[in-house]
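Scroll down for the structure; my scribbles are underneath it.
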Amino acid sequence: MRIILFGPPGSGKGTQGDLIGRAYGFPKISTGDLLRQAVRDQTPLGKKAEKLMNQGQLVSDDIVEEMVRERISSPDCRRGYLLDGFPRTVRQARGLERMDGKKKEIVIEIEIRPDALAARLLGRRVCSRCGAIYNLDLNRLKQEGRCDLCGGSLVQRPDDHPDVIRERMRVYREQTEQVRDYYISKSVYRKVDGSGGVEEVFGRLKLLLDAELAGPEQRKARA
Ligand code: AMP
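Rendered as structure tokens:
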């Protein structure tokens, strides 16, 4: 099983991906996280990606596809995995099929009103140690500026600034939205309402995933 979480920056893919991963035992693969790690480690790939990421541009398909290919070949991905932030272009979607075409696939878009996105991104903070995601408007932290899980300091992502957010939204509309049509044509596309609290959205995702994982017979019986 492969779950692809789809949606614009700020729709909650990362947060919901963590919850789904934990609940269903699928590793979450976030290409953004993998790239940020490469930037922190200042690998040759990280150095190439850093400038583009800080400008809100996409990193090249070849680089990202190679990263995904390597990650999904790990033994922990054999049963299934969840992708967050990939594919972002139709070329990447086709590349993914070439890499691993046999898995049952479900693509879920987290739908959210465009005017809510910028506010979410501006309020987002991430733990510099463990990567946990928070929102200053929604989460009451045990200690200000510190991660509830590991105590690491919370930081703002360099691309969560107004100018870069605008560019990321433009790139999403221009390059990534076409991926939706690609998956609609493959009949694997679903959507959930992404408004409301984290638990509320997760509840909707869980209903959908439980039905998908149950298989056609059980789905018929429930209908
Ligand atoms: P994210 O954490 O998913 O918001 O990604 C942060 C940044 O990493 C994006 O704005 C891109 O610069 C880069 N990135 C992440 N995933 C991809 C991808 N699938 N294709 C190209 N660039 C990506």
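Okay, so the sequence shown: first residue is 852 according to the numbering used here, each after it adds one. Beta carbons: idealized from backbone N, C-alpha and C, even for Gly. Quantities reported herein were computed from a predicted structural model and do not represent experimental measurements.
1. Taking buried to mean at least 16 other C-beta atoms within 10 Å of its own C-beta, is residue 1028 buried or exposed?
2. Taking 9 Å as the CB-CB cut-off, is residue 1065 touching chain C?
3. Can you tell me which of 883, 960, 880 and 901 puts its alpha carbon nearest to the alpha carbon of residue 890?
4. So residue 915 packs on residue 1034, CB below 8 Å; how close in whole Å?
5. For residue 1012 and residue 856, what's the separation of their Cα atoms in angstroms?
6. Only counting the same chain, and skipping five residues up and downstream in sequence, which positions put a Cβ closer than 7 Å to that of residue 1054?
7. Counting pairs of Cβ atoms below 8 Å between the segment 961 to 970 and the segment 857 to 867, do you hit three or more?
8. Can you tell me the Cβ-Cβ gap for residue 984 and residue 934, rounded? I've got them flagged as a contact below 8 Å.
9. Cα separation between residue 1009 and residue 925?
10. Going by DSSP in three states, residue 986 sits in which element: helix, strand or coil?
11. Quick one: is residue 1000 buried, meaning 16 or more other Cβ sit within 10 Å of its Cβ, or exposed?
12. Taking only three categories from DSSP, how would you classify residue 884?
13. How close, in whole Å, do the beta carbons of residue 912 and residue 946 come, if the pair is a contact with beta carbons under 8 Å?
14. Does the distance between the C-beta of residue 969 and the nearest non-hydrogen atom of ligand 3 fall short of 8 Å?
15. Would you identify the three-state DSSP class for residue 951, choosing helix, strand or coil?
16. Determine the DSSP secondary structure at residue 935, reduced to helix, strand or coil.
17. In chain order, which continuous runs of the alpha helix (DSSP H) of length 4 or greater are located wholly inside the segment 889 to 928?
18. Taking residue 1052 as the reference, give the member of 894, 1017, 961 and 883 with the closest Cα.
19. Quick one: using the 10 Å Cβ neighbour count with 16 as the cut-off for buried, is residue 904 buried or exposed?
20. Where do the ends of the beta strand (DSSP E) carrying residue 966 lie?
Once the coordinates are examined:
1. Exposed, since its Cβ has fewer than 16 Cβ neighbours within 10 Å.
2. Of the chains in the structure shown, none is chain C; there is only one protein chain.
3. Considering only alpha carbons, the answer is 901.
4. With 8 Å as the limit, residue 915 and residue 1034 do not qualify as a contact, their Cβ atoms being about 18 Å apart.
5. In this model, residue 1012 and residue 856 are separated by some 23 Å (Cα to Cα).
6. Nothing meets the Cβ criterion.
7. Contact between the segment 961 to 970 and the segment 857 to 867 is present, because at least three Cβ pairs lie under 8 Å.
8. About 17 Å separates the beta carbon of residue 984 from that of residue 934, a gap too long to meet the 8 Å contact definition.
9. One C-alpha to the other measures close to 30 Å.
10. Reduced to three states, the DSSP call for residue 986 is strand.
11. Around the beta-carbon of residue 1000, fewer than 16 other beta-carbon atoms lie within 10 Å, marking it exposed.
12. Annotated three-state conformation of residue 884 is helix, per DSSP.
13. Rounded, the Cβ-Cβ distance is 7 Å, consistent with contact.
14. Ligand 3 is not part of the structure shown, which contains ligand 1 as its ligands.
15. Residue 951: coil per DSSP, three-state reduction.
16. Here residue 935 sits in strand by DSSP.
17. Runs found: 895 to 905 and 912 to 923.
18. For the residues 894, 1017, 961 and 883, the minimum Cα distance to residue 1052 belongs to 961.
19. Buried, because 16 or more other Cβ atoms sit within 10 Å of the Cβ of residue 904.
20. Residue 966: not part of any beta strand (DSSP E); member of the alpha helix (DSSP H) spanning 965 to 974, first to last residue.
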